[in-house]
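S.K.: Protein chains in written order, with my numbering: chain A, 1 to 384; chain B, 1 to 384.
In this text, a Cβ means the ideal position worked out from N, Cα and C, and glycines have one as well.
Take this structure first; my questions come after.
Number of protein chains: 2
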Amino acid sequence: MSRVGVIGIGHGVFGRRSDATVQELAFEAFRDAMTDAGIERGELDASVIAAVPEYHKQRSVAGVVQEYLNLNPLPTWLTEVACASGSAAIRTAYMAIKSGLHRVVAVIGCQKMTELGTAEILALMGRVGEVQWESVFGTTFPGYYAMFATRHMHEFGTTREQLLEVAVKNHHYGAMNPNALFQKEITIEKALASDPVASPFCVYDCCANADGAACLILADESRVSGRDGKVVWLDGVGSATSPMSVLRRPNLVGLPSASEAARQAYEMAGVTARDVKVAEVHDCFTIAELMAYEDLGFCEKGHGGRFIGERRSYIGGDVAVNVDGGLKAKGHPIGATGVSMACEIVGQLRGECGERQVPDADVGLTHNVGGIGQYTFVHVFRRD
Amino acid sequence: MSRVGVIGIGHGVFGRRSDATVQELAFEAFRDAMTDAGIERGELDASVIAAVPEYHKQRSVAGVVQEYLNLNPLPTWLTEVACASGSAAIRTAYMAIKSGLHRVVAVIGCQKMTELGTAEILALMGRVGEVQWESVFGTTFPGYYAMFATRHMHEFGTTREQLLEVAVKNHHYGAMNPNALFQKEITIEKALASDPVASPFCVYDCCANADGAACLILADESRVSGRDGKVVWLDGVGSATSPMSVLRRPNLVGLPSASEAARQAYEMAGVTARDVKVAEVHDCFTIAELMAYEDLGFCEKGHGGRFIGERRSYIGGDVAVNVDGGLKAKGHPIGATGVSMACEIVGQLRGECGERQVPDADVGLTHNVGGIGQYTFVHVFRRD
Numbered sequence: 001m002s003r004v005g006v007i008g009i010g011h012g013v014f015g016r017r018s019d020a021t022v023q024e025l026a027f028e029a030f031r032d033a034m035t036d037a038g039i040e041r042g043e044l045d046a047s048v049i050a051a052v053p054e055y056h057k058q059r060s061v062a063g064v065v066q067e068y069l070n071l072n073p074l075p076t077w078l079t080e081v082a083c084a085s086g087s088a089a090i091r092t093a094y095m096a097i098k099s100g101l102h103r104v105v106a107v108i109g110c111q112k113m114t115e116l117g118t119a120e121i122l123a124l125m126g127r128v129g130e131v132q133w134e135s136v137f138g139t140t141f142p143g144y145y146a147m148f149a150t151r152h153m154h155e156f157g158t159t160r161e162q163l164l165e166v167a168v169k170n171h172h173y174g175a176m177n178p179n180a181l182f183q184k185e186i187t188i189e190k191a192l193a194s195d196p197v198a199s200p201f202c203v204y205d206c207c208a209n210a211d212g213a214a215c216l217i218l219a220d221e222s223r224v225s226g227r228d229g230k231v232v233w234l235d236g237v238g239s240a241t242s243p244m245s246v247l248r249r250p251n252l253v254g255l256p257s258a259s260e261a262a263r264q265a266y267e268m269a270g271v272t273a274r275d276v277k278v279a280e281v282h283d284c285f286t287i288a289e290l291m292a293y294e295d296l297g298f299c300e301k302g303h304g305g306r307f308i309g310e311r312r313s314y315i316g317g318d319v320a321v322n323v324d325g326g327l328k329a330k331g332h333p334i335g336a337t338g339v340s341m342a343c344e345i346v347g348q349l350r351g352e353c354g355e356r357q358v359p360d361a362d363v364g365l366t367h368n369v370g371g372i373g374q375y376t377f378v379h380v381f382r383r384d
Numbered sequence: 001m002s003r004v005g006v007i008g009i010g011h012g013v014f015g016r017r018s019d020a021t022v023q024e025l026a027f028e029a030f031r032d033a034m035t036d037a038g039i040e041r042g043e044l045d046a047s048v049i050a051a052v053p054e055y056h057k058q059r060s061v062a063g064v065v066q067e068y069l070n071l072n073p074l075p076t077w078l079t080e081v082a083c084a085s086g087s088a089a090i091r092t093a094y095m096a097i098k099s100g101l102h103r104v105v106a107v108i109g110c111q112k113m114t115e116l117g118t119a120e121i122l123a124l125m126g127r128v129g130e131v132q133w134e135s136v137f138g139t140t141f142p143g144y145y146a147m148f149a150t151r152h153m154h155e156f157g158t159t160r161e162q163l164l165e166v167a168v169k170n171h172h173y174g175a176m177n178p179n180a181l182f183q184k185e186i187t188i189e190k191a192l193a194s195d196p197v198a199s200p201f202c203v204y205d206c207c208a209n210a211d212g213a214a215c216l217i218l219a220d221e222s223r224v225s226g227r228d229g230k231v232v233w234l235d236g237v238g239s240a241t242s243p244m245s246v247l248r249r250p251n252l253v254g255l256p257s258a259s260e261a262a263r264q265a266y267e268m269a270g271v272t273a274r275d276v277k278v279a280e281v282h283d284c285f286t287i288a289e290l291m292a293y294e295d296l297g298f299c300e301k302g303h304g305g306r307f308i309g310e311r312r313s314y315i316g317g318d319v320a321v322n323v324d325g326g327l328k329a330k331g332h333p334i335g336a337t338g339v340s341m342a343c344e345i346v347g348q349l350r351g352e353c354g355e356r357q358v359p360d361a362d363v364g365l366t367h368n369v370g371g372i373g374q375y376t377f378v379h380v381f382r383r384d
């Protein structure tokens, strides 16, 4: 069967975007992706929208975006799997193309996070945990991941400093990304001294909500001729689930959905963890990035703290991770994040990332987690 | 390429289901569909969930359903396009199978509508219209469709009686459906005398919110051997969009998304409107069913009122429409509706519908509208 290629990427500025509605954010990213692809609307067959609608005043997000982008009467659909919605959209677009139903599909992740107050958002996010037996007792998102961190520290001796080294790295690279929410370096001392959130986390362990949008144009192999230098192939799409209730998980130091999704994606693409030069992983909290190193096979289980301590996830290390700033510094517009990750990997594989460019990047990966790990999507991208 | 077949259907009771959470509703339908298909969980490759999460206390609906159905670590994703979410889920499952990524996929539409109060639901539903320029001025769902009805009456002389004949028919058949919310006949006099909602609509012009779930098991042609008598093929999947803002529509007497989706589905399946023996159409309001007759080509534009008046959409007429009671009498759990429609058509094509069975049903269709027509999905099913 023929391959699916990425022929265009577009990415807006992440942050408190009180200047733009969700459809305006979507338009910014879409316009740039279409320009990048060098195609007209008439060449598109469908769009897929990723968003978590409940944070918006405007519901039926796919419909309002489709109209604002002047894409009627093309088909559209929205995918929602919490913070992994963007990757689920990419996966369904991949299926749409491989099925022969469509040839060129726009994937648009777009999210407003600042229309609601912080307390309201935190309460809504708690409902992305298991409501009947868990979040009803007060577990919040930081609380869930704080449990993972506590257990990781207990079992493997992971330290507070190692956790916060993730934030230091991601702010370091975020400072080089003009689309990032936080474009400034931080020190480990400053991070350690920040306000507590949920023990052991302080403010700098946590990513920040942001408004934002990103767009990918995917196309069937037959539609990518003449773009040889610029096409990046989506060669592996892995997806798996874990029980939503953490009380039904085998342990709290990794995400079973992530290791299984990675296994699938590596196998489909015919690569191993060692082949990956650049990765975008889901660092919603510092511990999440350490667990990702382990679940993706970049290091052994329990060695995540040492991996960042030895700077092996910096450019020049084993694999460059979150060199766009990650969720931590770039910001996390939950419906857009998976698409944003893919944009960065495509940019890296095309060698267009300027001062944060990873040398010789030929294989890249995205690792996008929904909720507290009930969903993980791992996608492997490659240039020829 | 090989065909996609429906090998199992399951359908719960629609109504005020205070006895069940959303995952319990999903389980009822899933269990029945798996029994019907005669397969075990180990033979499934993935699930697709359809729901509109914002009406639930529990968010991340796909995750909680996946766990409750014991389907971890299989992939899952949720599709949301308002009231057409169920059909979008079927469409993405179809793509998953045709793409070669998965071979057997469960599609589960599940929705709680009674966790919120009526006023809160009405306000949320208004946000499925265009918020910036329309619903902010007070348009509600009944209000939008009332405009369509008013214009249809003005242009084509459609009468109040013709509109309410739709409700009379759908209650007539709903009385034969043990899963329907309202299992009782009504008279045109009773309908005309019911309380006003939004002029010209009264209560009996409007469908009712309900909790409920339905499930389809779809499989690749290679996985359906030995089921020859029981397999129903999904041969046409049409999908199109209209501007969400009614002020950008060419007219108010039909849905451009519906006629375009029908055109695609007929072409894919190699059938015409005349071949369709049984149809499930989106009768969220009485006018919607009349517009569906016209948009699907069952009659000419403007003749919908006459079509129902002459009982041509009853069993024994040109095409039997909504013989499970439709949204009107069966109830409308918005995420489940598209899947429920497909269950009825599959049951009809298998000849299993008892007193509401349509004779010689070999080609059936579902017409599922999202919002106020910004999305329509038309699916054509056939038995060999």
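Spell out a yes or no on whether the segment 204-212 of chain B and the segment 176-188 of chain B are touching, meaning 3 or more CB-CB pairs, one atom from each, closer than 8 Å.
M.R.: By the Cβ rule, the segment 204-212 of chain B counts as touching the segment 176-188 of chain B, because three or more pairs are nearer than 8 Å.
S.K.: For ILE9(A), which residues does DSSP report across the bridge?
M.R.: LEU216(A)
S.K.: Alpha carbon to alpha carbon, what distance is there between VAL105(B) and ARG312(B)?
M.R.: 36 Å
S.K.: For the segment 108-152 of chain B, which segments carrying the alpha helix (DSSP H) assignment without a break, of at least 4 residues, lie completely within its bounds, in sequence order?
M.R.: 118-126
S.K.: Counting only the same chain and skipping the five closest in sequence on each side, list residues whose C-beta sits under 8 Å from that of MET147(A).
M.R.: VAL246 and LEU252
S.K.: Could you spell out where the beta strand (DSSP E) holding GLU280(A) opens and where it closes?
M.R.: Taken as a continuous stretch (DSSP letters only), the beta strand (DSSP E) holding GLU280(A) covers 278-281.
S.K.: With a threshold of 7 Å between beta carbons, is TRP77(A) in contact with chain B?
M.R.: Yes, its Cβ sits closer than 7 Å to a Cβ of chain B.
S.K.: When you compare the CB positions of GLU80(B) and VAL48(B), do they come within less than 7 Å of one another, or not?
M.R.: no
S.K.: Whether or not the segment 336-351 of chain B and the segment 211-223 of chain B are in contact is what I'm after, with contact meaning three or more pairs of Cβ atoms, one per stretch, closer than 8 Å; do they touch?
M.R.: Touching, per the Cβ criterion.
S.K.: Cβ closer than 7 Å: which chain B residues qualify as neighbours of SER257(A)?
M.R.: PRO73
S.K.: By how many angstroms is the C-alpha of PHE141(B) removed from the C-alpha of LEU122(B)?
M.R.: 8 Å
S.K.: Tell me whether TYR293(B) sits in a helix, a strand or coil according to DSSP, three-state version.
M.R.: helix
S.K.: If the cut-off is 8 Å on Cβ atoms, which residues from the segment 367-381 of chain A count as contacting chain B, listed in chain order?
M.R.: GLY370, GLY371, GLN374 and TYR375
S.K.: Let me know if VAL203(B) comes out buried or exposed under the rule of 16 or more other beta-carbons within 10 Å of its beta-carbon.
M.R.: exposed
S.K.: Nearest by alpha-carbon distance to GLY143(B): which of GLY297(B), SER257(B), VAL358(B) and ALA198(B) is it?
M.R.: ALA198(B)
S.K.: Can you give me the C-alpha to C-alpha distance between ALA149(A) and ILE287(A), rounded to a whole angstrom?
M.R.: Take the alpha-carbon of ALA149(A) and the one of ILE287(A): they are about 6 Å apart.
S.K.: So with Cβ pairs under 7 Å, would you call GLU67(A) a contact of chain B?
M.R.: With 7 Å as the cut-off, GLU67(A) counts as an interface residue toward chain B.
S.K.: What would DSSP say about ILE386(A), mapped onto helix, strand or coil?
M.R.: This structure cannot settle anything about residue 386(A), because the visible part of chain A is limited to 1 through 384.
S.K.: Inspect the CB distances between the segment 267-283 of chain B and the segment 312-325 of chain B and report whether three or more fall short of 8 Å.
M.R.: yes
S.K.: Using a Cβ-Cβ cutoff of less than 7 Å, which residues in the same chain neighbour PHE27(A) once the five nearest sequence positions on both sides are dropped?
M.R.: Correct list, in chain order: TYR68 and LEU69.
S.K.: Check whether chain A comes within 7 Å of MET113(B), counting only Cβ atoms and requiring the distance to be less than that.
M.R.: no
S.K.: From this set, CYS353(A), LEU78(A) and ILE372(A), which residue's C-alpha is nearest SER257(A)'s C-alpha?
M.R.: ILE372(A)
S.K.: I need the boundaries of the alpha helix (DSSP H) containing LEU327(B), first residue and last residue.
M.R.: It spans 326-330 - the alpha helix (DSSP H) in which LEU327(B) sits, taken as one unbroken run.
S.K.: Going by C-alpha distance, which of HIS154(B), GLN348(B) and PHE156(B) is nearest LEU177(B)?
M.R.: For the sequence presented, residue 177(B) should be read as Asn rather than Leu. Checked all of HIS154(B), GLN348(B) and PHE156(B); the closest Cα to ASN177(B) is GLN348(B).
S.K.: Tell me whether the beta-carbon of GLY5(A) lies closer than 7 Å to the beta-carbon of VAL231(A).
M.R.: Contact: yes.
S.K.: Taking a cut of 7 Å between CB atoms, which residues from the segment 45-66 of chain A lie near chain B?
M.R.: Those would be PRO53, GLU54, LYS57, GLN58, ARG59, SER60, ALA62, GLY63, VAL64 and GLN66, in chain order.
S.K.: Residues of chain A with a CB under 8 Å from the CB of MET244(B): which are they?
M.R.: SER60, GLY63, VAL64, GLN66 and GLU67
S.K.: By alpha-carbon positions, which one of ARG160(A), ASP220(A) and SER222(A) ends up nearest to LEU192(A)?
M.R.: Ranking ARG160(A), ASP220(A) and SER222(A) by Cα distance to LEU192(A) puts ARG160(A) first.
S.K.: Out of VAL380(B), HIS332(B), PRO359(B) and ARG306(B), which one is the CA nearest neighbour of LEU164(B)?
M.R.: Measuring from the Cα of LEU164(B), the nearest candidate turns out to be ARG306(B).
S.K.: Does the beta carbon of ASP82(B) sit closer than 7 Å to a beta carbon anywhere in chain A?
M.R.: Checking the sequence, you will find Ala at residue 82(B) rather than Asp. So yes, ALA82(B) belongs to the interface.
S.K.: What did DSSP end up calling SER313(B) once you bin it into helix, strand or coil?
M.R.: coil
S.K.: Would you call the segment 123-130 of chain A in contact with the segment 351-368 of chain A, where contact means no fewer than 3 C-beta pairs closer than 8 Å?
M.R.: Short answer: they don't touch.
S.K.: Label LEU249(A) either buried or exposed according to how many other C-beta atoms from any shown protein chain fall within 10 Å of its C-beta, with 16 as the threshold for buried.
M.R.: In the sequence as presented, Leu is not what sits at residue 249(A); that position holds Arg. It is buried - the Cβ of ARG249(A) has at least 16 other Cβ atoms within 10 Å.
S.K.: Check for me: the alpha helix (DSSP H) holding GLU267(A) runs from which residue to which?
M.R.: Annotation for GLU267(A): the continuous alpha helix (DSSP H) segment containing it runs 256-269.
S.K.: Which partner residues of GLY15(B) appear in the DSSP bridge assignment?
M.R.: ASP211(B)
S.K.: Report the CB separation of GLY109(B) from GLY335(B) in whole angstroms; it is logged as a contact under 8 Å.
M.R.: 5 Å
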